[in-house]
Amino acid sequence: MSKLIDRIIPDPVRCITGISAYEAEGGFRALKKAARAGPDFVIEEIVRAGLRGRGGAGFPTGRKWAAVAEDTATPKYIICNADEGEPGTFKDRLILEKNPFLLIEGMALAAFTVKAGVGYIYLRGEYPALFHLLEDVIAQCRKKGYIGPDFMGTGADLELYVHRGAGAYICGEETAMIESLEGKRGQPRSRPPYTVNYGYMGKPTLASNVETFANVPIILNIGAESYSKIGSPESPGPKLFSVSGDVVRPGVYELPMGVPLSEIIYEHCGGIKGGRALKAVIPGGVSTAVLRSDDLACRMDFTSKCEGSMGIIGSGAVIVFDEETCMVHTAYRIAKFFAHESCGKCTPCREGTDWIRAILLRMEQGLGVEDDIRLLREVCGNIAGNSFCALGDSAAISTIGFLDKFGDEFEAHIKGKTCPFGGPV
Amino acid sequence: MDQVELTINGKKVKAPRTSSILKAALDNGIYIPKLCWDRRLTPYGGCRLCLVEMEGQRKLFASCSTPVKDGMEINTESDRIARARKSVLELLLVNHPLDCPICDKAGECELQDLAFKYGPSASRFKGERKQAPEVTTAPLLERNPNRCILCGKCVRICGEHQGVGAIDLIGRGYDTEVSPAFEESLDCEFCGQCVDVCPVGALGSKPFRFRSRAWYMEEKNTVCPYCGCGCTVTLGISEGKIIRSVGTDGVGLSKGDLCGRGRFGVDYVHSDKRLTKPLIRKDGKLQEATWEEATAYISENLKAVIDSSGPEAVGAIGSQRCTVEDNYMLQKFMREAVGTNNIDSLAALGYSKAQKGIKQAFGLDTLPIDYNSPLTSDSILVVESDITSTHPVWGLKLYAALRDFGATLTVIDPKLTKLSRHASEWLRNTPGTAVAVLNGMMRTILDEGIHDKDAESHPGFAELKSKLEEYTPEKVEGLTGIHPDRLKDAARKFAAAERPLACMTLGANENNKSTDTVLATANLLMLVGAGADALEIPAELTNTIGMFEAGIRPDAGPSHTPLEKPGLGLVEMFYGENSPVKAMFIMGENPVVSFPQAEVVEGTLKGLDLLVVQDLMLSDTAKLAHVVLPAASWGEKEGTVVGASGQPQKVIKCIEQTGESVPDWQIFRNLARFMQKDTGLGTLESLQQEIEGKVSFEFDSSKATPQFNPVDLTMAEETDKEYPLKMVTGNLMQHSGSLTTLSKGLESVVSDAIVQMNKADAKVLEIGDEGYIKVASRRGEITLKAKVTDEVPEGMLYVPSHFPHARVHLLTYPSANGAVSIVAVKVEKA
Ligand SMILES: Cc1cc2nc3c(=O)[nH]c(=O)nc-3n(C[C@H](O)[C@H](O)[C@H](O)COP(=O)(O)O)c2cc1C
Ligand code: SF4
Ligand code: SF4
Ligand code: SF4
Ligand code: FES
């Protein structure tokens, strides 16, 4: 029994969906260790490991756990964000398919540490097969006493429920997710109060991404010391990258944080399909700004920035476009996504995203006018920073990114009154 | 409260720690534009107009949803802010229909005002205008989705504030819309609060549609004519007519809240059924006459009665809807000009029962409610009362206590009401058995020794203790259907409360409670260490308390001054075997419809030598009169009203009197003059001066002298094999007495008398929803439409008694003593 889980997905081929297989791989050893060492130890280890949330914002996980643990209100809840709505992101799905017990172990650790009795897994509606798989996995864990009343003799209880989303991207935003869980319309809430103190049903709630939970058993298994040495010093640990688009080998890659973008594309994914040249990369899901081929040296972690853009890693969804892709069309498709997914709560995003969409569409159709680029920038400027939640900001960041990096293509569309790449849509 | 200090636009201001920046600014006279904020609602942060700058921060903050902090430095105006606001407005206007010329909101539309303030948009985005059709299928309310700016206020006032949740936003992003559930038809309370909060013309009041441009309308504040809440209504007056009624933020007791009655029900003053001339019965028919003729007729016939049978043969009924001045003059005329104390009102069967209980328990004549008390209470007990129907706006305080202040709400009620639905604990008892529930709770409290030990020194403690012996949890379960565990649990929690509060209503048509219910409630409060100020019984109507203070009682004069020779009360006058009354004055009341046991009432009235009715219309009672006098209505006269909170409020004259109608007090003044018994009170001023000298309207609950009054559960009538069902009578939220049936607006919501009955009972009798049924009691039979529901439990019928044509009171009976007067009935398919 010397085996320890030290990777999120130990085996890219096999699905570990039987509890004995997971135990044989070294499963639940972190939980046992925590049960002996106590909640304070778990929080200390996560803090020392330097784990940051994998849902996109990179918030220090240890601080979140500590905040929920410290709140004296009861009951408390934990929520796993498995909504995975960001286009290009499909890494949580892989965890759930290949190594679902790791998530449950992470959630059991959380429940024990923050003293939450009930947990929810908010599952992307488009993953129906995973719903049944998770229900089965939970049942197995309960039967073996890894969760349930007084699990593993820790005195803590945990009941886990899987809740299926209904296909709204905004419900991945944690406060909208909580509203949705409460049976309300999925719209983000004002903060403060923050989720850690006023979350589900107004009670202290720990909400984290699937991959974040999955990292915790690894930290306890290999120790905070060794964990913090993986990847970048400011954002250590392993990271799953979902790579899609015009690469030879798209897929999910488990690599240390801080890996250069060029290494992901050219070493791990085998470069661009058909030997074509790379034109653009969206590094961290459609909420991040697009990069050009000369930006590829940047490192993929929470602190590094590329010239002219905000954070780049986002959810770790790398989308690669080759030289034949029309950037106006790409910008339009993304804008259409945001306009469609805007929840409608705040004016700038609700009205503004639809305007971005409409302007980009007419450009792509060759109907753009001289002033449209300035107009686009102005609309984006009025959304960014003024919208209620990050969705509106993301829509603006995305569009501005395309204008900044590929302004010439937009001008060509306007001047030529048609799409040079054979559009319109 | 915990205060912080911050700087707004260079000015140092203080604000409670829980305040938002926006609220702190407004409270200090600094204006910040806003479209989705309302004082009553949790901040939303959606419209983004309230953006402000914060020192040291790069981005702009939505001031409505950002809490204040010590030392914060805020700037509310700058070029950058103006640009951001202008852009928000621009985005809102892109798809807005801009049909201001035909929009009822124009002139008082917040969007219009802001667009004006921030300059016209160049409208660089040329957008398609939304083209959704108007939704006009619901009564009273209409919706124009194209004008909606999705501020969400209507949704939140309905869900959060009213506790209803009839509408929500559906769809996403640009396609978001306000809609009832599943886009079905609107099923709500019709309070109309959503119309008031809508900043634009997306929600409208149908009766107001196209009635007037905002700028042609004169606005006046006065007090609502209906229930005891005493809300302030802002009337819109145009061309001598009241064309709408709205609430105004922060004004009056109600601070801008109104229920459907106050908002949609005031059109009754313009009913085409209003009387315009006096009527005298000639040749068996009521015929138009002059005031001189009518006055002469009354004077002559009144004298004849007095001469032959003495002043004791004259009686009068005052009105809780008329002003203090009207009622004072009535009793002055009766006591001084006629010489009789036979003066009473319908409240004898309602609030008067509460007053009797209050007097016995606390030695007080009058106990107004403390309007905001629910907000400081940690445990509220509601005793078989649908308070959000009888007193909708005050009822909101109970809901707010639960929602915002963490109070526990325990509701004893067989009926599913808004309060029982939201309650922390709903004790669903057998109808009318609250006394037993309360006794059971007290017994538990005594058994467990968790009562207030000081209470043992109140008189009656020993008697209470021995009375409660028999109320074992098991016996109480038998009487009330409440499980012993839940009873005990409720008792323990109530006893543990720091500031307990017990609330109930006692309207004249509520037959499920009586004086005993009040006494039992008072006993419980005293037992847990609370006093008179923990008992909240809102008086029924707009001037119920004012009417009593004015001296409308057979046994006391103004300010409850005891009389040497008390007169006859309502029960003796109307139902007494050998009532000596031969002449009767009825002011603003409709006994044929509103008094129990209608057949007897009619008999009594028909047997009179002289019946004078002062009313707005030819009521069923007026039809029996010898003389009918047209009275000026609310809105047509000045005066004072004192509702549930005990605070005198002025009602004002907003429109001219209808036809030849005159205020009720003037009718008595003129009559006295004619009879050469001038009261010396010629003007309203002199009348008000005299009242001021006699009635103080100051009520002090600290003078209470608590005393236990042990009571048993007594039912005036029991069910049996033949009459197996319990008929409870009461109110609908959209109606008040029979007055509201004159309102076209309210009649469009509910105009048909219905009887609610449980599914199981209906099934046995093969009665379908909306089917007609015959309901018979030991006194009579009527036909009503059935509403099959689980809102009432098995064995219970609930019947609102507002509708004259339904004649519900053919089945009922009066009960002025302590017993509950639920009616035993049987039902069959009609
Ligand atoms: C529009 C929007 C969509 C989001 N979608 C997701 C999502 O699908 N999955 C996720 O884990 N986090 C998502 N997030 C981030 C969450 O709000 C939250 O920050 C995250 O779940 C916190 O978990 P972590 O601390 O483990 O990163 C989204 C945020 C926004 C603003
Ligand atoms: S930015 Fe506003 S409209 Fe967009 S998703 Fe967030 S809250 Fe909803
Ligand atoms: S109908 Fe009026 S109140 Fe309701 S969301 Fe639209 S604009 Fe706001
Ligand atoms: S609550 Fe009462 S006083 Fe207020 S508006 Fe309604 S009926 Fe009028
Ligand atoms: S008032 Fe603050 S966002 Fe609407």
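Protein chains in written order, with our numbering: chain A, 137 to 561; chain B, 38 to 867. Cβ coordinates follow ideal geometry from the N, Cα and C atoms, glycine included.
Shown here for A:HIS465: same chain residues with a beta carbon closer than 6 Å to its own, the five before and five after excluded, namely GLU500, GLY559 in chain order. With 16 or more neighbouring CB atoms inside 10 Å of its own CB, B:MET794 falls in the buried class.
Contact of B:ASP205 with chain A is assigned, a C-beta pair being separated by under 8 Å. With a 10 Å radius around the Cβ and a threshold of 16 neighbouring Cβ atoms, B:PHE219 comes out exposed. Annotated as distal: A:THR483 and A:ILE448, with beta-carbon spacing of 8 Å or more.
With a cutoff of 7 Å, A:GLY308 counts as near ligand 1, since its C-beta is closer than that to a heavy atom of the ligand. Chain A has no Cβ within less than 8 Å of the Cβ of B:ALA460. In the DSSP secondary-structure assignment, A:HIS299 is bridged to A:TYR258.
Proximity of the segment 96-103 of chain B to the segment 126-137 of chain B falls short of the contact definition, fewer than three beta-carbon pairs being nearer than 8 Å.
Following the DSSP letters along the chain, one finds A:ASP544 inside the alpha helix (DSSP H) bounded by residues 526-552.
For the segment 116-128 of chain B, the set of positions with a beta-carbon nearer than 7 Å to some beta-carbon of chain A reads ALA121, SER124, VAL125, LEU128 in chain order.
Put simply, the CB of B:TYR155 is far from chain A, with every gap to its CB atoms at 8 Å or more. The distance from the Cβ of B:GLY774 to that of B:HIS839 is about 7 Å, consistent with a contact at the 8 Å cut-off. Against chain A, the CB of B:CYS84 has a partner CB under 8 Å away; the residue lies at that interface. Chain B has no Cβ within less than 8 Å of the Cβ of A:LYS441. Ranked by Cα distance from B:VAL474, the options B:LYS106, B:PRO510, B:ASP757, B:MET621 are led by B:PRO510. One alpha carbon belongs to B:ARG318, the other to B:MET654, and they sit about 16 Å apart. Neighbours of B:LEU88 in chain A, taken as residues whose beta carbon is under 8 Å from its own, are ASN522 in chain order. When rounded, the separation of the alpha-carbon atoms in B:VAL89 and B:ALA152 is 18 Å. With respect to the C-alpha of A:SER368, the residue from A:SER362, A:GLU222, A:GLU361, A:GLY394 having the closest C-alpha is A:GLY394. If you check each beta-carbon in the segment 92-117 of chain B against every beta-carbon of chain A, the ones closer than 7 Å belong to LYS96, LEU97, SER102, PRO104. Judged by the Cβ position, A:ASN351 fails to qualify as a neighbour of ligand 1 at the 7 Å threshold, every heavy atom of the ligand being at least this far. When C-alpha distances from A:SER530 are compared across A:THR208, A:HIS268, A:ILE418, A:ASN345, the shortest belongs to A:ILE418. The beta carbon of B:GLN686 sits no closer than 7 Å to any heavy atom of ligand 2.
Less than 8 Å separates the beta-carbon of B:VAL825 from that of B:ILE804.
With its beta carbon at least 8 Å from every one in chain A, B:THR55 lies outside the interface. Leaving aside the five residues that flank A:ARG493 on each side, the residues in its chain whose CB is nearer than 8 Å to its CB run, in chain order, TYR468, ALA471, LYS472, PHE474, ALA475. Counting only runs of 4+ residues, the alpha helix (DSSP H) found wholly inside the segment 340-370 of chain A occupies 346-364, in chain order. With a threshold of 7 Å, the Cβ atom of B:ILE335 does not count as near ligand 3, since no heavy atom of the ligand is closer than that. About 16 Å separates the beta carbon of B:CYS191 from that of B:LEU129, a gap too long to meet the 8 Å contact definition. Against B:VAL630, chain A offers no close residue; the least beta-carbon distance is about 44 Å (beta-carbon pairs closer than 7 Å).
Within chain A, not a single residue places a beta-carbon under 7 Å from that of B:TYR760; the smallest gap is close to 44 Å. Shown here, B:SER282 sits in a strand according to DSSP, grouped into three states. Shortest Cα-Cα distance from A:SER440 to any of A:ALA413, A:TYR305, A:GLY308, A:LEU397 involves A:LEU397.
Residue state for B:PHE98 is assigned as strand, using DSSP reduced to three classes.
Nearest neighbour of B:LEU401 by Cα position, chosen from B:LYS393, B:ASP407, B:TYR408, turns out to be B:LYS393.
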